[in-house]
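To start, the structure itself, in structure tokens.
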Amino acid sequence: AVHDGVRPFVTADEITRTVKAAEVNEAAILAAAMTDTIKEVSNGIVARTLPRTALRRALTPQCFRFELLRRAYEQVDVLDPELTDESSLLERLGVKVTIVEGSSRNIKITGPEDLALGEVLLKEMNFEL
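Residues in the sequence shown are numbered consecutively from 8, following my numbering.
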């Protein structure tokens, strides 16, 4: 399993469901439904609006059979800027990656705005700061 240490709000249930899905399907990632409208842009002009229902925000954990992940790192150009997470490496090998629905609360804390949002989530959870 691969997990971003900057995602402190993942739940035990999300981890368990993702691991179990990978045990059955070889590869599984936690993902959240898109709530924003996503635009594909070309030279500063909207080329098209992507259908939200078909899109998910990739989260972690991402769980894979070890031999698949190792093969991906050995065979795929990990410096390719289009490969932004481990599941994209496996996709490049043709591996079908199962989606496990996760919570939009599983945010990355990478900047001051994220930290402020994280503090709000902690207060909602009745966690003392």
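In this text, a Cβ means the ideal position worked out from N, Cα and C, and glycines have one as well.
| Item | Value |
| --- | --- |
| Euclidean distance between Cα positions of T56 and E89 | 20 Å |
| 4-residue-minimum alpha helix (DSSP H) runs that sit fully inside the region 82-117, ordered along the chain | 93-99 |
| Opening and closing residue of the beta strand (DSSP E) in which T67 lies | 63-71 |
| Q69 burial status per 10 Å Cβ neighbour count (16 or more: buried) | buried |
| Cα-Cα separation between L96 and L128, rounded to whole angstroms | 32 Å |
| Length of the line joining the Cα atoms of E21 and R14 | 12 Å |
| First through last residue of the alpha helix (DSSP H) which encompasses E21 | 19-32 |
| Coil, strand or helix - A8 by DSSP | coil |
| Whole-angstrom distance between K27 and G51, CA atom to CA atom | 42 Å |
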